[in-house]
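Undergrad: Below is a structure I'd like to ask you about.
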Amino acid sequence: MPATFIPYHPSRPPSRAVSIVDGAPNLPPPSDAPPFYFDRPSSRADHSPSRSWSPTRISLDYTVPPSYNAPYEPADINGSPRPGSPSSKYGGSSKRPLPPAPLFAGVRPNSSDGDKDLSDMTAIPIDGDDDPFTDDERPDLLKTDSILSDSTYNEDDYDEKGDYAPAPDGKQERRGARPAVMSRKEVKLINGELILECKIPTILYSFLPRRDDIEFTHMRYTAVTCDPNEFVERGYKLRQQIGNTTRETELLICVTMYNENELDFTRTMHGVMRNVAHFCSRQKSRTWGKDGWKKVVICIIADGRKKVHPRTLDALAAMGVYQDGIAKNSVNQREVTGHVYEYTTQVSLDPDLKFKGAEKGIVPCQMIFCMKEKNAKKLNSHRWFFNAFGQALKPNVCILLDVGTRPGDTSLYHLWKAFDNDSNVAGAAGEIKAGKGKNWLGLFNPLVASQNFEYKMSNILDKPLESVFGYITVLPGALSAYRFHALQNDETGHGPLSQYFKGETLHGQDADVFTANMYLAEDRILCWELVAKRNESWVLKYVRQATGETDVPDAVPEFISQRRRWLNGAFFAAVYSLLHFKQIWTTSHSPIRKALLHVEFIYQFIQLTFTWFSLGNFYLTFYFVAGSLSDPKIDPTGAKVNLCKYVFTVLRYACVLTIAMNFILSMGNRPQGSKKMFLGSMVVYGIVMAYTTFASIWIVVKEFSGGNMQIGNNLFTNFIVSTLSTIGLYFLMSFLYMDPWHMFTSSAQYFGMLPSYICTLQIFAFCNAHDISWGTKGDNTVSTDLGAAKASKGGTVELEMPSEQLDIDSGYDTALRNLRDRVEVIEPPPSAAQQQEDYYRGVRTYMVTIWMSTNAILAMAVSGAYGETGIANNVYLKFILWAVAVLALFRAIGSSTFLFINAVHSILEGKLKFSDRSSTGSKTTSRRRYGWRSKIPSFSFLNGTGTWIGEKAGNATVGVKRLFHK
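Positions in the sequence shown are counted from 1; adding 1 to them yields our numbering.
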């Protein structure tokens with residue numbers, strides 16, 4: 002059947018301006034056979050995937066056609082190039098040619114499919130009879146005369162250095178693109194609120210795989226004018242609560258954002274969308290499957306409209322989630338607090354800013370983009386998430402992510418599975434990996450390498466140990482999950498969320514510095530409140546399979562500023578949990594669980610004590626180990642030269658002066674303003690550590706060469722065995738976890754920067770304990786006590802001012818009387834913010850004084866009791882070395898227990914699945930009734946539901962009943 006071509010005749014009202022396509026020529030339809038001047042090659046493709054298809058384009062090579070009698074239009078208009086023709090594919094404007102559809106949109110049909118109706122694939126229905134190629138305000142084309150000159154070149158005006166004019170200032174429009182034309186429309190408010198259903202861009206619509214619902218074709222905008230706590234009470238609804246898109250939410254994902262660029266955003270968002278695709282790929286799951294995306298909602302919360310990176314908004318717009326020019330500042334004279342955009346996107350942007358769609362396994366994802374009007378910090382963003390969107394959707398599990406963290410392809414599933422397997426789990430933490438750069442080149446930076454080692458050892462030793470006890474001190478906000486039901490407050494309004502958001506309302510002296518510093522590490526608040534929740538038995542779990550990679554600071558100022566918040570938050574949160582450990586006895590945990598938690602509290606108390614005296618212990622270790630080379634008998638240079646004695650003296654004074662300089666810098670300087678001095682102190686500490694390491698190795702060599710390798714109360718046992726056992730445990734546990742590479746690539750950098758962790762970071766953190774602020778600083782309110790000058794149409798203003806001479810004289814007499822009588826002026830009381838700052842600075846000073854004094858007293862007392870030589874008989878050094886070894890051994894035991902429990906569960910769960918499969922075709926059901934599930938040790942001695950002995954006794958009773966029945 003020959004193709005039928007219908008000529009396009011745009012209709013326009015008589016009052017409409019002339020459109021550029023009104024004068025298009027009417028060309029006769031081509032015949033079935035191509036014209037004689039076409040030469041059809043056999044090797045050319047019928048179409049190109051990079052060019053948009055149109056019924057009049059045939060991909061053929063042809064020669065120059067002969068003269069044709071059809072009335073063609075001239076190539077130029079009055080000597081100027083003709084504007085671009087309107088797009089026949091997307092219905093664009095003649096002045097705004099649209100780019101071609103992405104390659105993954107699929108190959109367009111060739112000209113033989115011209116008889117098919119393409120309206121449902123190429124355009125969104127346009128309301129009204131408007132001409133899409135023009136607008137009401139476009140002026141008619143004006144006819145102008147052109148003048149042709151003989152020469153356009155003037156040698157006098159030629160300048161070799163002035164070939165190009167300077168670049169224009171400000172934003173420049175793209176050539177051939179028409180700026181968006183804003184028009185006024187009347188929109189009916191819904192229950193007094195501004196809610197809009199906006200069509201998505203035509204290009205995005207043209208290559209969407211699914212267009213069968215409004216969630217794919219329209220973006221929904223809601224202007225929220227209330228506090229997040231009142232979101233549900235004020236009647237706001239999300240798409241998952243209305244119409245055909247009403248669904249139950251199993252998983253709600255929170256992605257917090259501040260001013261990160263588009264690369265950080267796409268790295269995180271693309272990883273999340275790949276995880277959603279993994280949920281849909283689990284066809285045998287009772288919860289997930291083909292339509293699993295309908296149970297997942299991704300909520301992006303931007304902290305401040307003016308703080309969001311413009312390119313990040315462009316990335317959201319490319320996905321269809323965001324449209325510019327829709328948001329408003331106020332509705333019905335009510336200030337808008339949050340702009341909520343909702344859309345179910347079917348495309349993703351990878352970190353290379355390339356589109357990925359269904360051809361790459363991307364499934365639809367329900368997106369909520371909440372852009373807060375003001376910057377109110379991360380804690381307020383979490384309040385929007387939990388108290389607004391969480392209360393509206395009522396999810397089962399909530400996952401928290403930060404922009405910049407790239408989750409693994411199955412990380413979110415493993416986090417969710419931890420809650421599905423154990424109903425007592427209230428929170429789960431994943432493994433945070435430090436970004437090492439392309440080909441691990443970032444490890445050449447000592448800051449990145451040391452943080453990589455720190456992250457790895459924390460995930461190998463600390464997190465597994467705390468998971469065995471059931472209380473993880475910190476669930477990282479970059480990758481963690483919570484059971485939404487466990488977070489809810491009780492009937493009186495007290496609970497984890499109420500305590501968590503308490504830090505947002507701390508003002509004046511009512512907020513003590515300990516409580517306020519706790520909320521600097523927001524990750525630790527929910528951990529304690531969940532485990533210590535009254536009449537509950539919630540536990541926290543570490544999920545090793547859930548990984549997320551994040552970029553770590555690679556510059557000194559950012560590194561110091563980040564650790565200031567972490568160290569202060571960790572220290573004060575640990576103090577708070579130790580002071581309130583009695584809350585554990587009000588929970589429903591089993592006695593064994595409570596006893597284990599108290600063992601963990603003792604371990605935390607010891608760790609806290611070492612943290613407090615870490616400054617003094619570092620100096621004493623350097624003093625004794627490096628000072629031992631001052632002994633002529635041990636000095637490598639010999640007794641006559643004794644060079645190490647002078648080196649030690651110089652380094653000792655340099656170390657003390659550097660510590661004093663750190664206190665001065667930390668009290669009044671920002672790391673960004675004193676970068677070189679902070680960097681210089683780290684270099685000095687690195688030299689001190691290098692010399693101390695050299696002294697340790699030399700002492701080991703001397704002991705081996707002397708043959709003093711006997712276990713007992715000697716230098717070999719106290720110094721060498723304790724030190725090597727600590728490092729040996731690091732290697733052993735790293736190999737057990739099948740992740741030893743950090744020991745070879747990052748351990749040297751970490752130990753070299755260890756004094757900087759102890760001195761520079763700890764000093765700066767304690768000296769800035771007063772720097773606490775979750776909200777915006779500064780006075781951003783407009784005063785109205787002086788009145789306002791409002792201009793009228795004529796350019797004049799109306800003012801209230803004294804005009805009569807009597808009023809002017811009265812003011813003058815008042816001023817003279819006040820001076821003569823010396824009227825006392827009452828000073829206003831200090832503001833709440835000033836009182837808070839003074840109070841925090843005072844507490845900071847007291848705390849730093851006590852901390853510095855205790856460490857100085859310890860260093861002076863111990864160094865005075867034991868000289869710089871005689872390391873073999875130094876009791877305090879023995880205590881420090883063996884304490885570090887014992888703590889490392891304790892962590893290794895807990896980490897090994899975590900591995901053992903996971904291995905047992907994995908083996909028995911595998912046998913259970915095999916047993917269920919083998920018993921599927923069996924006629925009897927006794928094996929399925931008493932299968933492997935009853936034999937799996939659930940380790941409930943760690944839970945609050947019973948004891949392991951009781952379970953074994955119950956299993957034994959079941960076996961006796963089965964035997965008796967037979």
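Glycine included, every Cβ here is placed at the ideal spot set by N, Cα and C.
(1) Which same chain residues, not among the five before or five after V849, have their C-beta less than 6 Å away from its C-beta?
(2) Identify the residues that DSSP records as bridge partners of T850: which are they?
(3) So L197 is in the beta strand (DSSP E); what residue range does that whole segment cover?
(4) Please state the DSSP three-state secondary structure of T411.
(5) Count the C-beta pairs between the segment 243-259 and the segment 395-413 that are closer than 8 Å, then say yes if the count reaches three, no if not.
(6) Answer yes or no: do V557 and F679 have a C-beta to C-beta separation smaller than 8 Å?
(7) Whole alpha helix (DSSP H) runs in the segment 651-708 with 4 or more residues, listed along the chain?
(8) Please classify M739 as buried or exposed, where buried requires at least 16 other C-beta atoms within 10 Å of its C-beta.
(9) Rank T855, I196, I301 and I299 by C-alpha distance to the C-alpha of W613 and give the top, closest one.
(10) State the Cα-Cα distance for the pair V188 and L195, rounded to the nearest angstrom.
(11) Can you tell me the Cα-Cα spacing of R842 and G669, whole angstroms?
(12) Within 10 Å of its beta-carbon, does E530 have 16 or more other beta-carbons around it, so buried, or fewer, so exposed?
(13) Count the other CB atoms, across all protein chains shown, that sit within 10 Å of the CB of I294; report buried if there are 16 or more and exposed otherwise.
(14) Would you report the Cα separation of S897 and F387, rounded to the nearest angstrom?
(15) Give me whichever residues DSSP pairs with A430 in a beta bridge.
(16) Give a yes or no on whether the C-beta atoms belonging to V364 and V277 are separated by under 8 Å.
(17) Hey, out of W289, T346, S451 and R566, whose CA is closest to F208's CA?
(18) Start and end of the beta strand (DSSP E) containing R221?
(19) Consult DSSP for E537 and reduce its assignment to one of helix, strand or coil.
(20) With DSSP collapsed to three states, give me the class of Q1.
(21) Please list, in chain order, all residues of the same chain as N260 whose beta carbon is under 6 Å from its beta carbon, the five residues on each side excluded.
(22) Could you give the C-beta distance for T313 and E263, rounded to a whole number, given that I count them as a contact under 8 Å?
(23) Could you give the distance in angstroms between the alpha-carbon of N569 and the alpha-carbon of T815?
(24) Report the rounded CA-to-CA distance for N446 versus D555, giving the unit in angstroms.
(25) Bridge partners for M372 per DSSP, in chain order?
(26) Could you check the C-alpha separation between L730 and F899 for me, to the nearest Å?
(27) Compute the Euclidean distance between the alpha carbons of R240 and M372, then round it to the nearest angstrom.
(28) Name the two residues that bound the continuous alpha helix (DSSP H) containing M274.
(29) Closer than 6 Å by C-beta to N460: which residues in its own chain qualify, once you throw out the five before and the five after it? Chain order, please.
(30) How many angstroms separate the CA atom of I908 from the CA atom of F901?
(31) Assuming L882 and T724 are in contact, meaning their beta carbons sit under 8 Å apart, how far apart are those beta carbons, in whole angstroms?
(32) Can you list, in chain order, the residues of its chain whose CB lies under 8 Å from that of P210, leaving out five sequence neighbours each side?
(33) Put L598 into one of helix, strand or coil per three-state DSSP.
(34) Does the separation of the CB atoms of S629 and I894 fall below 8 Å?
(35) Just how far apart, CA to CA, sit P756 and N618?
(36) In chain order, what residues of the same chain lie with their CB nearer than 8 Å to the CB of Y685, ignoring the 5 residues before and after it?
TA: Checking against the coordinates, here is how it stands:
(1) Along the sequence shown, one-based indexing puts residue 849 at 848. F767 and C768.
(2) Here the question's residue 850 lines up with position 849 in the sequence shown. DSSP lists no partner for T850.
(3) As a first step, residue 197 must be located in the sequence shown, where it is residue number 196. Run containing L197: I196 to K200, per the beta strand (DSSP E) assignment.
(4) Sequence index remark: in the sequence shown, residue 411 carries index 410 (1-based). Reduced to three states, the DSSP call for T411 is coil.
(5) yes
(6) For the purposes of this step, residue 557 is taken as the residue at position 556 of the sequence shown. For the purposes of this step, residue 679 is taken as the residue at position 678 of the sequence shown. Yes, the Cβ-Cβ distance between V557 and F679 is below 8 Å.
(7) 676-707
(8) Residue 739 sits at position 738 when you count from the first residue of the sequence shown. Under this definition M739 is an exposed residue.
(9) Within the sequence shown, residue 613 is the residue found at index 612, counting from 1. When only C-alpha atoms are compared, the closest one is T855.
(10) Within the sequence shown, the letter at position 187 stands for residue 188. Within the sequence shown, the letter at position 194 stands for residue 195. Looking at the two C-alpha atoms, the distance is approximately 8 Å.
(11) By 1-based counting over the sequence shown, the position of residue 842 is 841. By 1-based counting over the sequence shown, the position of residue 669 is 668. Answer to the nearest angstrom: the Cα atoms are 12 Å apart.
(12) Position 529 of the sequence shown holds residue 530. When all chains shown are included, E530 counts as buried.
(13) Here residue 294 is taken as the residue at index 293 of the sequence shown, counted from 1. Looking at the sequence shown, residue 294 is not Ile but Trp. That one is buried.
(14) If you number the sequence shown from 1, residue 897 lands on position 896. If you number the sequence shown from 1, residue 387 lands on position 386. C-alpha separation (whole angstroms): 36 Å.
(15) Here residue 430 refers to the residue found at position 429 when the sequence shown is read from its first residue. Paired residue(s): S481 and Y543.
(16) Here residue 364 refers to the residue found at position 363 of the sequence shown. Here residue 277 refers to the residue found at position 276 of the sequence shown. Yes.
(17) The residue labelled residue 208 in the question sits at position 207 within the sequence shown. It is T346 whose Cα lies nearest to the Cα of F208.
(18) Residue 221 sits at position 220 when you count from the first residue of the sequence shown. Counting along the chain, the beta strand (DSSP E) containing R221 begins and ends at H219 to V225.
(19) Within the sequence shown, numbered from 1, the residue matching residue 537 stands at position 536. Of the three classes helix, strand and coil, the one that applies to E537 here is coil, per DSSP.
(20) Nothing can be reported for residue 1, as the shown portion of the chain is limited to 2 through 967.
(21) Counting from 1 along the sequence shown, the entry for residue 260 is found at position 259. Once the five neighbours on either side are set aside, the close Cβ partners of N260 are K308 and H310.
(22) Indexing the sequence shown from 1 puts residue 313 at position 312. Indexing the sequence shown from 1 puts residue 263 at position 262. With a Cβ gap of about 5 Å, T313 and E263 count as contacting.
(23) Here residue 569 is taken as the residue at index 568 of the sequence shown, counted from 1. Here residue 815 is taken as the residue at index 814 of the sequence shown, counted from 1. Taking the straight line from one Cα to the other gives about 54 Å.
(24) Within the sequence shown, residue 446 is the residue found at index 445, counting from 1. Within the sequence shown, residue 555 is the residue found at index 554, counting from 1. Near 7 Å, if we compare the C-alpha coordinates of D555 and N446.
(25) Your numbering for residue 372 matches position 371 in the sequence shown. M372 pairs with A303 and H340.
(26) Taking the sequence shown and counting its residues from 1, one reaches residue 730 at position 729. Taking the sequence shown and counting its residues from 1, one reaches residue 899 at position 898. So the two alpha carbons sit approximately 16 Å from each other.
(27) The residue labelled residue 240 in the question sits at position 239 within the sequence shown. The residue labelled residue 372 in the question sits at position 371 within the sequence shown. Cα to Cα, R240 sits roughly 17 Å from M372.
(28) Against the sequence shown, residue 274 aligns to sequence position 273. Looking at the DSSP string, the run of the alpha helix (DSSP H) that includes M274 is E263 to S282.
(29) Sequence index remark: in the sequence shown, residue 460 carries index 459 (1-based). Answer for N460: E432, listed in chain order.
(30) As a working mapping, residue 908 is identified with position 907 in the sequence shown. As a working mapping, residue 901 is identified with position 900 in the sequence shown. C-alpha separation (whole angstroms): 11 Å.
(31) Sequence index remark: in the sequence shown, residue 882 carries index 881 (1-based). Sequence index remark: in the sequence shown, residue 724 carries index 723 (1-based). The Cβ separation is near 6 Å, so the contact holds.
(32) To locate residue 210, count along the sequence shown from 1; it is residue 209. Correct list, in chain order: Q347, G358 and A359.
(33) The count along the sequence shown starts at 1 and reaches residue 598 at position 597. Here L598 sits in helix by DSSP.
(34) For this step, residue 629 is matched to residue 628 along the sequence shown. For this step, residue 894 is matched to residue 893 along the sequence shown. No, the Cβ-Cβ distance between S629 and I894 is not below 8 Å.
(35) As a working note, residue 756 is residue 755 in the sequence shown. As a working note, residue 618 is residue 617 in the sequence shown. Using only the alpha carbons, I get a separation of about 11 Å.
(36) The residue you call residue 685 lines up with position 684 of the sequence shown. According to the sequence shown, residue 685 is Val rather than Tyr. Excluding residues within five positions, the ones whose Cβ falls inside 8 Å are A655, C656 and T659.
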